[in-house]
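Here is the structure we will look at, set down as structure tokens.
Residue numbers (full-length UniProt numbering): 1 to 262.
So this is what it looks like as structure tokens:
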């Protein structure tokens, strides 16, 4: 079982890139974030043509949105509104057939604005509260679960190109790292990215459009695949697909892929 996650930054704008990725890497399940499309306008045709007959879309016009597409049958099992504000940022599915009983949670955690202070910047507070609600939920997880997506936090010092320079930059501040750590500890989630690519090895998933990424390599590891303790031992391989960042008009994120022996 091969499962992928990718913040695509508009699925309709980059539908050709998604098709190329699916054709070249053939994951059984693909979780997309920031699809930026309402559910009724989701581009179903390409996915259907490539055999991704099962799709769960939680979308909205122009912003946010997540979608999970699969060759393997699944049933949608959750749509949490972690901010209680109607933004489409989560969908969960339970696999049927191969992998039966495994839950895949697809989440797009808010970026949090530019100022790491909830009093000055309400978006930052919303991000921390989002994680707080996820932490309470994690305490109740009782099935083999994979949570994937754009967490918008690079937790380790080696998860950014310059730890000291980014300590006061949203996505790598101590309070975000601590808050994400509480979420991880609530269940004992296993960070598959660092299980297979141990720190301090380079493992970036995002580069800003504002810098020449290949020359400066100013990356951050914002995208994650975390497994519950009972699922983690079944993971057999993990990689990030950096080549997509070199494609024409790319997303600023690259896909991650984990393989499981189920």
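Where is the CB? At the ideal position from N, CA and C, for every residue including glycine.
Would you decide whether residue i is buried or exposed? Buried here means 16 or more other CB atoms lie within 10 Å of its CB.
i, result
"residue 32", "buried"
"residue 63", "exposed"
"residue 65", "buried"
"residue 145", "buried"
"residue 89", "buried"
"residue 69", "buried"
"residue 27", "buried"
"residue 256", "buried"
"residue 149", "buried"
"residue 265", "In the structure as shown, the chain begins at 1 and stops at 262. Residue 265 is therefore absent and cannot be evaluated."
"residue 180", "buried"
"residue 209", "exposed"
"residue 227", "buried"
Does DSSP put residue i in a helix, in a strand, or in coil?
i, result
"residue 2", "strand"
"residue 240", "strand"
"residue 262", "coil"
"residue 140", "coil"
"residue 185", "helix"
"residue 51", "coil"
"residue 307", "This structure does not reach residue 307, given that the chain is present from 1 up to 262, and the question cannot be answered."
"residue 132", "helix"
"residue 69", "strand"
"residue 8", "coil"
"residue 89", "coil"
"residue 101", "coil"
"residue 153", "coil"
Using only the alpha-carbon positions, how far apart do residue i and residue j sit?
i, j, result
"residue 225", "residue 192", "6 Å"
"residue 221", "residue 73", "30 Å"
"residue 76", "residue 94", "6 Å"
"residue 204", "residue 49", "31 Å"
"residue 173", "residue 125", "13 Å"
"residue 218", "residue 38", "32 Å"
"residue 36", "residue 67", "10 Å"
"residue 197", "residue 41", "37 Å"
"residue 58", "residue 253", "20 Å"
"residue 264", "residue 11", "Residue 264 is absent from the structure shown; the chain starts at 1 and stops at 262."
"residue 242", "residue 51", "25 Å"
"residue 83", "residue 129", "7 Å"
"residue 202", "residue 160", "9 Å"
"residue 45", "residue 19", "11 Å"
"residue 141", "residue 1", "22 Å"
"residue 230", "residue 91", "21 Å"
"residue 143", "residue 237", "21 Å"
"residue 200", "residue 194", "9 Å"
"residue 119", "residue 234", "43 Å"
"residue 167", "residue 244", "28 Å"
"residue 190", "residue 85", "29 Å"
"residue 103", "residue 56", "13 Å"
"residue 3", "residue 61", "26 Å"
"residue 106", "residue 24", "22 Å"
"residue 108", "residue 163", "23 Å"
"residue 177", "residue 232", "22 Å"
Beta carbon of residue i: closer than 6 Å to some heavy atom of the ligand PLP?
i, result
"residue 119", "As presented, the structure is devoid of all ligands, the ligand PLP included, so that no description of it is given."
Go through its chain and collect everything with a Cβ distance to residue i's Cβ below 7 Å, but skip five positions before and after it.
i, result
"residue 135", "182, 183, 186"
"residue 239", "257"
"residue 97", "72, 73"
"residue 154", "160, 171, 172, 220, 221, 222"
Skipping 5 residues on each side, what residues in its chain have a beta carbon closer than 6 Å to that of residue i?
i, result
"residue 123", "112, 113"
"residue 54", "70, 73, 74"
"residue 158", "199, 200"
Beta-carbon of residue i versus every beta-carbon of chain D: anything under 7 Å?
i, result
"residue 184", "Going by chain labels, chain D is absent from the structure shown, which holds only one protein chain."
Using a Cβ-Cβ cutoff of less than 8 Å, which residues in the same chain neighbour residue i once the five nearest sequence positions on both sides are dropped?
i, result
"residue 263", "In the structure as shown, the chain starts at 1 and stops at 262, and residue 263 therefore has no counterpart that could be examined."
"residue 138", "183, 186, 187, 189"
"residue 262", "1, 98, 99, 102, 234"
"residue 175", "116, 128"
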